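In UniProt numbering, the protein residues as written are 1 to 489. For each residue, glycine too, the CB sits at the ideal point set by N, CA and C. All figures in this text were calculated on a predicted structure; none of them were measured in a lab. One structure is given below, encoded as structure tokens.
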């Protein structure tokens with residue numbers, strides 16, 4: 001029987017030792033529990049989940065350019081799948097609210113007796129999924145500011161400066177970070193809402209025949225197999241954004257009364273994502289059509305903003321979207337830091353990566369973040385879609401392992417008393433989600449090419465030897481710390 005429920009939210013497991021460190025308090029279900037302070041309300045988790053809604057900015061333009069209004073099927077479908085997955089996450093996070101980093105931490109239980117290797121792959125894949133988002137978001141904001149405001153400033157230097165500021169804010173602790181994020185969230189909601197409801201006030205700008213009927217890409221006309229391949233190819237990209245309501249769970253170990261509140265946070269985040277990933281594409285395509293100018297970042301929104309709000313529309317919406325993109329980058333930093341923190345506690349990384357500062361903020365992830373950001377930018381340059389595709393490999397792996405972990409954990413009675421539990425029909429849902437995500441990875445991912453899939457798989461599974469070496473070093477350190485028994489006289 002798990003002892004997790006016996007630990008109060010304010011209690012703190014033993015700190016890791018020096019050197020490689022040791023995992024904090026473990027349970028019969030998971031190897032370690034978070035000791036991050038519980039300082040925030042469940043509403044803050046919704047703000048984190050809101051960061052997913054803005055991710056449509058990253059790949060909407062390229063998808064629209066490639067498959068036209070078929071994107072109106074892909075985006076909502078991905079958001080609904082993400083919401084269904086949040087049902088499973090809601091139960092697991094409610095039962096085991098002492099795991100920092102959210103959904104990825106349950107991958108450890110994708111094997112009957114728990115698997116350190118699967119746990120490492122799940123967590124590392126999740127971290128890898130979001131870390132490139134930090135780079136892409138900083139580049140999008142810096143490019144916009146360079147083109148509209150700061151003409152003489154180098155884009156990469158500006159991105160580095162903004163990134164340093166965001167990491168500095170993150171080091172101040174979750175409460176202060178989320179106070180800033182609430183302000184950014186307001187600017188996130190406003191432009192997306194204006195885009196969605198704008199056609200109601202300017203109906204002449206909206207042409208329904210651009211939205212319906214759905215037009216099949218020319219290369220798939222009369223070929224159901226080719227149509228399915230195109231659908232899975234772009235579902236693989238859309239999943240990276242539209243599954244994102246789950247990000248609300250990354251701060252579950254820092255929420256007060258998380259057992260009762262985290263399902264609510266995930267539910268609201270899911271609803272926001274479904275509305276956003278349905279309404280925004282309809283409005284953008286209905287007002288600007290399929291040939292909407294540049295497909296890069298906020299520029300993909302310019303034609304619709306101009307049609308709805310006039311000449312000043314692109315500037316107003318662009319500035320607001322830039323604030324929203326900053327929220328997305330900050331959310332990625334929050335998720336990244338918590339994931340690396342929990343990986344260190346679980347024994348997959350040296351103890352230094354579980355370091356927290358005096359404000360209780362995990363600050364050990366920055367080294368790996370910078371390494372991956374620089375590496376991906378050096379390989380793919382500013383090709384945002386390929387970066388997302390490579391990162392999506394690790395992300396989909398997480399959601400292949402999640403249903404397996406759910407099916408095994410739902411049979412066990414362990415967990416916090418009063419936790420949210422789904423009906424038994426959820427087992428069928430979990431099985432269906434497993435099969436769907438397996439297809440998304442194998443079919444959709446492979447269509448992005450050997451280079452993208454190869455890099456994605458290589459980085460995702462690079463943690464396996466790192467984890468094994470770290471766990472071996474910890475076992476040796478623990479054996480050497482055991483005092484010798486005095487000889488009998």
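| For residue 315, which three-state DSSP category applies? | helix
| query | Which residue or residues does DSSP assign as beta-bridge partners of residue 356? | reply | 362
| request: Just mark residue 137 as buried or exposed, buried being the case when its beta carbon has 16 or more other beta carbons within 10 Å. | output: buried
| said: List, from N- to C-terminal side, the alpha helix (DSSP H) runs of 4 residues or more that fit wholly inside the region 168-254. | reply: 174-201 and 224-242
| query | Whose C-alpha, out of 443, 414, 452 and 403, is nearest the C-alpha of residue 434? | reply | 403
| If residue 463 sits next to residue 437, beta carbons under 8 Å apart, how far is it from one beta carbon to the other, in whole angstroms? | Between residue 437 and residue 463 the Cβ distance is about 20 Å, and since that is not below 8 Å, they are no contact.
| request: Could you check which residue in 87, 230, 121 and 167 has the C-alpha nearest to that of residue 357? | output: 167
| From residue 69 to residue 359, what does the alpha carbon distance come to, in whole angstroms? | 48 Å
| message | Could you check whether residue 265 and residue 274 sit closer than 9 Å to each other, using their CB atoms as the reference points? | response | no
| query | According to the neighbour-count rule (16 or more other Cβ atoms, all chains shown, within 10 Å of its Cβ), is residue 469 buried or exposed? | reply | exposed
| said: Once the 5 residues before and after residue 444 are set aside, which same chain residues still bring their CB inside 7 Å of it? | reply: 232, 233, 235 and 236
| task | Give me the Cα-Cα distance between residue 241 and residue 391, rounded to the nearest whole angstrom. | result | 11 Å
| residue 147: buried (16+ other C-beta within 10 angstroms of its C-beta) or exposed? | exposed
| message | So, with DSSP's three-state summary, where would you put residue 120? | response | helix
| message | Between 471, 477, 38 and 472, which has its C-alpha nearest residue 252's C-alpha? | response | 38
| C-beta atoms of residue 127 and residue 343 nearer than 9 Å | yes
| field | Segment contact, 8 Å Cβ cut-off, at least three pairs: the region 331-342 with the region 114-131 | value | yes
| query | Considering only the beta carbon of each residue, do residue 87 and residue 429 sit closer than 9 Å? | reply | yes
| request: Evaluate the contact criterion for the region 62-80 versus the region 306-321: three or more CB pairs, one atom per stretch, below 8 Å. | output: no
| Sequence-distant residues of the same chain with beta carbon closer than 6 Å to residue 448, five excluded per side | 389
| 6 Å Cβ shell around residue 406 - same chain, five flanking residues per side excluded | 88 and 430
| Cβ-based neighbour list, residue 332, same chain, cut-off 8 Å, excluding 5 preceding and 5 following | 51, 130, 131, 133, 134 and 137
| request: Using the Cα positions of residue 270 and residue 477, report the straight-line distance between them to the nearest angstrom. | output: 44 Å
| 7 Å CB neighbourhood of residue 111 in its chain, flanking five on each side removed | 118
| query | How big is the Cα-Cα spacing for residue 257 and residue 354? | reply | 24 Å
| In chain order, what residues of the same chain have a beta carbon less than 8 Å from the beta carbon of residue 457, not counting five sequence neighbours either side? | 393
| Proximal residues to residue 262 (C-beta, below 7 Å), its chain only, five neighbours per side dropped | 42, 45, 90, 93, 94, 97, 249, 252 and 255
| request: Go ahead and label residue 209 buried or exposed: buried means 16 or more other beta carbons lie within 10 angstroms of its beta carbon, across all protein chains shown. | output: exposed
| Whether residue 308 touches residue 195 by CB criterion (9 Å) | yes
| Nearest residue (CA-CA) to residue 361, options 121, 399 and 169 | 169
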